[in-house]
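Numbering (my numbering), first residue to last: 994 to 1072.
Here the structure is laid out as C-alpha coordinates; the discussion comes afterwards.
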(Lines of atoms letter the chains of each structure in order from A and count residues from 1; the text may use other names and numbers.)
(Lines give C-alpha, C1' and ligand atoms only; values in the text may rest on other atoms or scores of the structure.)
Protein backbone atom coordinates (compact mmCIF):
# COMPACT_ATOMS: atom_id res chain seq x y z
CA UNK A 1 0.00 0.00 0.00
CA UNK A 2 1.19 3.50 -0.79
CA UNK A 3 1.23 6.24 1.80
CA UNK A 4 -2.09 8.06 1.94
CA UNK A 5 -4.12 4.93 1.14
CA UNK A 6 -6.36 3.07 3.56
CA UNK A 7 -7.40 -0.56 3.10
CA UNK A 8 -10.95 -1.26 4.28
CA UNK A 9 -11.15 -5.05 4.19
CA UNK A 10 -13.09 -6.25 1.15
CA UNK A 11 -13.95 -2.69 0.15
CA UNK A 12 -11.79 -0.73 -2.26
CA UNK A 13 -8.84 1.35 -1.13
CA UNK A 14 -9.53 4.99 -0.30
CA UNK A 15 -7.17 7.91 -0.80
CA UNK A 16 -6.72 10.29 2.12
CA UNK A 17 -5.66 13.81 1.14
CA UNK A 18 -5.30 17.07 3.02
CA UNK A 19 -6.70 20.34 1.77
CA UNK A 20 -8.02 23.80 2.52
CA UNK A 21 -11.72 24.73 2.57
CA UNK A 22 -12.11 27.55 0.04
CA UNK A 23 -15.88 27.91 -0.19
CA UNK A 24 -18.94 26.79 1.76
CA UNK A 25 -21.88 25.61 -0.35
CA UNK A 26 -25.37 24.51 0.66
CA UNK A 27 -26.30 21.26 2.45
CA UNK A 28 -22.90 20.57 4.00
CA UNK A 29 -20.98 20.74 0.73
CA UNK A 30 -17.64 22.51 0.41
CA UNK A 31 -15.04 23.31 -2.22
CA UNK A 32 -11.68 21.98 -1.07
CA UNK A 33 -8.32 22.91 -2.57
CA UNK A 34 -5.97 19.96 -2.14
CA UNK A 35 -2.25 20.32 -1.49
CA UNK A 36 -1.58 19.52 -5.16
CA UNK A 37 -3.75 22.55 -6.16
CA UNK A 38 -6.70 20.46 -7.44
CA UNK A 39 -10.19 21.68 -6.45
CA UNK A 40 -12.71 19.02 -5.40
CA UNK A 41 -16.20 18.96 -3.90
CA UNK A 42 -16.37 17.64 -0.37
CA UNK A 43 -19.28 16.67 1.85
CA UNK A 44 -19.31 16.24 5.62
CA UNK A 45 -19.13 12.72 7.04
CA UNK A 46 -21.81 11.46 9.41
CA UNK A 47 -19.60 11.60 12.52
CA UNK A 48 -18.82 15.27 11.92
CA UNK A 49 -22.54 15.99 11.43
CA UNK A 50 -23.45 14.04 14.58
CA UNK A 51 -20.88 15.84 16.74
CA UNK A 52 -21.94 19.24 15.34
CA UNK A 53 -18.41 20.28 14.37
CA UNK A 54 -18.26 23.64 12.64
CA UNK A 55 -16.27 23.74 9.40
CA UNK A 56 -15.54 27.17 7.96
CA UNK A 57 -13.64 28.48 4.92
CA UNK A 58 -9.95 28.60 5.80
CA UNK A 59 -9.98 25.33 7.79
CA UNK A 60 -7.59 22.52 6.89
CA UNK A 61 -9.28 19.12 6.56
CA UNK A 62 -8.59 15.51 5.64
CA UNK A 63 -10.71 14.29 2.74
CA UNK A 64 -11.31 10.66 1.75
CA UNK A 65 -11.61 9.93 -1.98
CA UNK A 66 -12.10 6.83 -4.11
CA UNK A 67 -10.22 5.89 -7.26
CA UNK A 68 -13.48 5.99 -9.24
CA UNK A 69 -14.34 9.67 -8.82
CA UNK A 70 -11.48 12.06 -8.14
CA UNK A 71 -13.73 15.15 -8.14
CA UNK A 72 -15.69 14.31 -4.97
CA UNK A 73 -14.74 13.28 -1.47
CA UNK A 74 -15.91 12.92 2.11
CA UNK A 75 -14.50 15.26 4.76
CA UNK A 76 -13.48 12.98 7.63
CA UNK A 77 -11.33 15.17 9.89
CA UNK A 78 -10.78 18.85 10.65
CA UNK A 79 -7.13 19.69 11.34
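C-beta atoms are modelled at their ideal positions from N, C-alpha and C, and glycine is treated no differently.
For the candidate residues the options, whose alpha-carbon lies nearest to that of residue i?
i: residue 1006; options: 1029, 1061, 1026, 1032; result: 1061
i: residue 1046; options: 1026, 1011, 1021; result: 1021
i: residue 1010; options: 1033, 1019, 1039; result: 1033
Determine, using beta carbons only, whether residue i and residue j come nearer to each other than 8 Å.
i: residue 1055; j: residue 1036; result: no
i: residue 1023; j: residue 1048; result: yes
i: residue 1019; j: residue 1068; result: no
i: residue 1008; j: residue 1025; result: no
To the nearest angstrom, how far is it from the Cα of residue i to the Cα of residue j?
i: residue 1029; j: residue 1044; result: 29 Å
i: residue 1050; j: residue 1059; result: 24 Å
i: residue 1072; j: residue 1066; result: 16 Å
i: residue 1015; j: residue 1057; result: 17 Å
i: residue 1063; j: residue 1031; result: 10 Å
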